[in-house]
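Enquirer:
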Amino acid sequence: MLARLISRFRSVFRGRNAVILVPMLWLFVLSAVPLLIVLNFSFSEMEIASVASIWKWADDALTIKINLGNYLYFGQDPLYFDTYLSSLKFAAITTLWCLALGYPFAYFMARAQAHLRPMLVMLVMLPFWTSFLLRIYAWKTLLVSNGLVNQLLMALGVIHTPLQMMNTPFSLTIGMVYAYLPFMILPLYANLVKLDVRLLEAAADLGASPWKTFWLITVPLSKRGIIAGSMLVFIPAVGEYVIPELLGGPDTLMIGRVLWDEFFSNNDWPMASAVTIVMILLILLPITIFNKYNAESKSEEQA
Amino acid sequence: MAAVKDDVVLEDLLRIDGLIKVFDGSVRAVDNVSLTVAKGEIFALLGSSGCGKSTLLRMLAGFETPTAGRIYLSGKDITDLPPYQRPINMMFQSYALFPHLNVWDNVAFGLRRDGMPKDELAERVESMLKLVQLGKFAKRKPHQLSGGQQQRVALARSLAKRPKLLLLDEPLGALDKKLRESTQLELVNIIEQVGVTCVLVTHDQEEAMTMASRIAVMNEGYFLQIGTPDEIYETPNSRLVADFIGNVNIFEGEVVEDEADHVTVRCPECLHYVGHGITGTPGMAVGVALRPEKIHLSREQPDKPHNWCAGDVADIAYFGAHTTYHLTLVTGMTLKVQQPNLTRHSGQGLTWGDRIYAHWSQDAMVVLTQ
Numbered sequence: 002m003l004a005r006l007i008s009r010f011r012s013v014f015r016g017r018n019a020v021i022l023v024p025m026l027w028l029f030v031l032s033a034v035p036l037l038i039v040l041n042f043s044f045s046e047m048e049i050a051s052v053a054s055i056w057k058w059a060d061d062a063l064t065i066k067i068n069l070g071n072y073l074y075f076g077q078d079p080l081y082f083d084t085y086l087s088s089l090k091f092a093a094i095t096t097l098w099c100l101a102l103g104y105p106f107a108y109f110m111a112r113a114q115a116h117l118r119p120m121l122v123m124l125v126m127l128p129f130w131t132s133f134l135l136r137i138y139a140w141k142t143l144l145v146s147n148g149l150v151n152q153l154l155m156a157l158g159v160i161h162t163p164l165q166m167m168n169t170p171f172s173l174t175i176g177m178v179y180a181y182l183p184f185m186i187l188p189l190y191a192n193l194v195k196l197d198v199r200l201l202e203a204a205a206d207l208g209a210s211p212w213k214t215f216w217l218i219t220v221p222l223s224k225r226g227i228i229a230g231s232m233l234v235f236i237p238a239v240g241e242y243v244i245p246e247l248l249g250g251p252d253t254l255m256i257g258r259v260l261w262d263e264f265f266s267n268n269d270w271p272m273a274s275a276v277t278i279v280m281i282l283l284i285l286l287p288i289t290i291f292n293k294y295n296a297e298s299k300s301e302e303q304a
Numbered sequence: 470m471a472a473v474k475d476d477v478v479l480e481d482l483l484r485i486d487g488l489i490k491v492f493d494g495s496v497r498a499v500d501n502v503s504l505t506v507a508k509g510e511i512f513a514l515l516g517s518s519g520c521g522k523s524t525l526l527r528m529l530a531g532f533e534t535p536t537a538g539r540i541y542l543s544g545k546d547i548t549d550l551p552p553y554q555r556p557i558n559m560m561f562q563s564y565a566l567f568p569h570l571n572v573w574d575n576v577a578f579g580l581r582r583d584g585m586p587k588d589e590l591a592e593r594v595e596s597m598l599k600l601v602q603l604g605k606f607a608k609r610k611p612h613q614l615s616g617g618q619q620q621r622v623a624l625a626r627s628l629a630k631r632p633k634l635l636l637l638d639e640p641l642g643a644l645d646k647k648l649r650e651s652t653q654l655e656l657v658n659i660i661e662q663v664g665v666t667c668v669l670v671t672h673d674q675e676e677a678m679t680m681a682s683r684i685a686v687m688n689e690g691y692f693l694q695i696g697t698p699d700e701i702y703e704t705p706n707s708r709l710v711a712d713f714i715g716n717v718n719i720f721e722g723e724v725v726e727d728e729a730d731h732v733t734v735r736c737p738e739c740l741h742y743v744g745h746g747i748t749g750t751p752g753m754a755v756g757v758a759l760r761p762e763k764i765h766l767s768r769e770q771p772d773k774p775h776n777w778c779a780g781d782v783a784d785i786a787y788f789g790a791h792t793t794y795h796l797t798l799v800t801g802m803t804l805k806v807q808q809p810n811l812t813r814h815s816g817q818g819l820t821w822g823d824r825i826y827a828h829w830s831q832d833a834m835v836v837l838t839q
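Just so you know, the protein sequences line up as chains A and B, in that order.
Numbering-wise, the first sequence is residues 2 to 304 according to this note's numbering.
Numbering-wise, the second sequence is residues 470 to 839 according to this note's numbering.
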């Protein structure tokens, strides 16, 4: 009996399971637990200087007081709705620009000579060697009124008074596209480099012009890369805080900044938690679609 | 074998004129090749890998630009046309079916590019699928089909536009041996039913011989010999061709006597009396090619002055339908002999080390001057 228990215990902690255990623990402690804490907070409310617990034990009874006030407040103050919408809008714009710039880039990399490709991948990843924060700060010095871009344009005589570029949707979009472009290029490249050139030849052989071949063969076959890259850009872009903080302005409401304000300026943790939960739900939708599509096309490939 | 009927007036469909392709400035993949292919012919380019046959095919399809030379189709110069403007379609090695499109859309792809009206298109696709017996599979994606079915989709797709010229790149290379044999004839039947002129590339001599009406044997970018399958097999013009097509024994010797109707060649192994004339002179060094299946074996020493030699059995390979013996001759040369197993246990009780006499008729050999 005992021997069986021991052997069972051993088999659970052997090989495969032991390997999986580490990431599982990691995800549980650093992802699931904090999320549950945030969820717990979001149903709570602020007392003078601390968060009221929703769990109460008194007179041999456990009472759970779920406060929906934080969520209901979203309906009363249009700021939240507008901010979510604006976040989604900027994330979508960022994603589209990344796709528009990243696709030709990835295509060029995938079509480059095989011995050049590792170097091109390196070049795409090169910015990661410098701190993200520094790179965003650098954009500030480029875009301010007396910054390099304005100076250059004035020296060339294109403009006579400095352009207001900083703290506008323009500066925010540039910063976001700049920061997230590699996340679009790399999955697209990984996908396009696997594309069988003979399929393109077959299309040409059957009478498709290069342009038609691109739209009818290359693009549909790189759909997974497009979706993967778009998710990798869109999801973090929705919740982005640093770039809107440094490059954004009054016109660029982003949910990350509202979150920060609720937590650190208003000190309203329950409200901030509710904002977080809604944001996660908003992001969950595209992730679910992505996963479903991914699973489908995978089973298609394996069949 | 798909021979061209004699009563059909042969009209040149494809003419290749002095085609040269140089890669990277120095590698001559195709070296001054000229060729005409008649309408309705199935023409095979045969050679080992790297002989330039695929490059030649790709130039016909338009994927490679010739360094020099012209390509004419029905008398029209198509050398500078891009692939999508040539009335030529290709069946790719390993098929290159579009994985995201189903069978129907794969076949319809080329027709849609021509803007064919819907009704006509549907009719054409249906008839193509019927031709390759895949009507039931129209809605399947390529990965849901077996290798043989994929091959038929590829064929239907390349025939759908009714090309003037069909190119086949190793059409059966991806199929296993058993399937390959049945598919060879099926493929030829379909091609003849459609009546399309066809250039196929293969490294498999059996495939070339069964399918093609004419074969060009290629080596290092040029043609060694062009002819019907039996011409290439029975009268090879060089040691390279004789060696490449089938099995062969080549005796090296010199011409003793050169008459109009026969040649005698003295070799270290034996004296050859060959029943055909050559353009040569006595004393000239030649090779005598002798196919293994044209040799007979006997226990008794033959009663003639030539066309026989003695050898010891060094190896016996039993293939079922026939047995191949390797005889070691006195000079150390190995003579391959193939004996049909006409009856069960017809191996004459031969075993390793037996002394045996190989003999053959005067029409069994070909003298090779190159």
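We treat Cβ as the ideally placed atom computed from N, Cα and C, and that holds for glycine.
Alpha carbon to alpha carbon, how far is Q839/B from G509/B?
Expert: If you take the alpha carbons of Q839/B and G509/B, they lie about 33 angstroms apart.
Enquirer: For S32/A, is the classification buried or exposed, using 16 other Cβ atoms within 10 angstroms of its Cβ as the cut-off for buried?
Expert: exposed
Enquirer: Answer with yes or no whether the minimum CB distance from M753/B to chain A is below 8 angstroms.
Expert: no
Enquirer: Where does P128/A sit, in a helix, a strand or coil, going by DSSP?
Expert: helix
Enquirer: Between L193/A and the rest of its own chain, which residues show a CB-CB distance below 7 angstroms, the 5 nearest in sequence each way excluded?
Expert: A107, Y108, A111, S223, G226
Enquirer: In the DSSP assignment, find the unbroken beta strand (DSSP E) run with A62/A in it and report its ends.
Expert: Per DSSP, the continuous beta strand (DSSP E) segment holding A62/A begins and ends at 62-65.
Enquirer: Rounded to whole angstroms, what is the Cα-Cα separation between A19/A and W27/A?
Expert: 13 angstroms
Enquirer: Of all the residues that make up the region 537-560 of chain B, which are near chain A by a beta-carbon distance shorter than 9 angstroms?
Expert: Within the region 537-560 of chain B, the residues whose Cβ lies closer than 9 angstroms to some Cβ of chain A are P551, P552, Y553, Q554, R555, I557, N558, M559, listed in chain order.
Enquirer: What residue range does the alpha helix (DSSP H) around G696/B cover?
Expert: In the DSSP assignment, G696/B falls outside any alpha helix (DSSP H) and lies within the beta strand (DSSP E) extending over 691-696.
Enquirer: Please list the terminal residues of the continuous alpha helix (DSSP H) segment that includes F264/A.
Expert: From DSSP, F264/A is part of no alpha helix (DSSP H); its letter is neither H nor E.
Enquirer: Between the alpha carbons of P188/A and M25/A, how many angstroms are there, rounded?
Expert: 25 angstroms
Enquirer: Measure from the alpha carbon of M280/A to the alpha carbon of each residue in M167/A, V34/A, G249/A, S87/A, then state which is nearest.
Expert: Here the closest residue by C-alpha is S87/A.
Enquirer: Do we get a CB-CB distance below 8 angstroms when we pair R136/A with the residues of chain B?
Expert: The beta carbon of R136/A does not come within 8 angstroms of any beta carbon belonging to chain B, so the residue lies off that interface.
Enquirer: At a CB-CB cut-off below 7 angstroms, which residues of chain B make contact with L193/A?
Expert: Under the 7 angstroms cutoff, chain B gives no residues; its nearest Cβ is about 15 angstroms from L193/A.
Enquirer: Give me the Cβ distance between L636/B and I557/B, rounded to the nearest whole Å; I'm assuming they're in contact under 8 angstroms.
Expert: 6 angstroms
Enquirer: Between which two residues does the beta strand (DSSP E) containing M47/A stretch?
Expert: Taken as a continuous stretch (DSSP letters only), M47/A belongs to no beta strand (DSSP E), as it is neither H nor E.
Enquirer: Could you confirm whether any beta carbon from chain B is found closer than 8 angstroms to the beta carbon of L286/A?
Expert: no
Enquirer: Does any C-beta atom of chain B lie closer than 8 angstroms to the C-beta of S317/A?
Expert: Examination of residue 317/A is not possible in this model, given that chain A is present from 2 through 304 alone.
Enquirer: Return no unless some Cβ of chain A is closer than 8 angstroms to the Cβ of D583/B.
Expert: yes
Enquirer: G616/B and A643/B: beta carbons closer than 8 angstroms?
Expert: yes
Enquirer: Curious, which full-length beta strand (DSSP E) runs of at least 3 residues does the region 568-648 of chain B contain?
Expert: 634-638
Enquirer: Whole angstroms is fine: what's the gap from N810/B's alpha carbon to P705/B's?
Expert: 27 angstroms
Enquirer: What span of residues does the beta strand (DSSP E) with T793/B cover, start to end?
Expert: 791-798
Enquirer: Nearest CA to the CA of Y691/B: which residue from D481/B, E480/B, K587/B, L488/B?
Expert: If we check each option's Cα against that of Y691/B, L488/B comes out closest.
Enquirer: Can you give the Cα-Cα distance for R555/B and V724/B, rounded to whole angstroms?
Expert: 52 angstroms
Enquirer: Within the 8 angstroms Cβ cut-off, does K587/B reach chain A?
Expert: no
Enquirer: If we count the other Cβ atoms within 10 Å of its Cβ and call it buried at 16 or more, is D475/B buried or exposed?
Expert: Low per-residue confidence applies at D475/B: pLDDT is 48, beneath 50, and the placement is therefore not dependable, though the value from the model is reported in the following sentence. By the neighbour-count rule (16 or more Cβ atoms within 10 Å), D475/B is not buried but exposed.
Enquirer: Report back the beta-carbon spacing between K805/B and N716/B to the nearest angstrom; my notes put them in contact at under 8 angstroms.
Expert: 6 angstroms
Enquirer: Which ranges would you report for the alpha helix (DSSP H) in the region 679-745 of chain B if only whole runs of at least 4 residues count?
Expert: Counting whole runs of 4 or more residues, the region 679-745 of chain B contains the alpha helix (DSSP H) stretches 698-703, 708-713.
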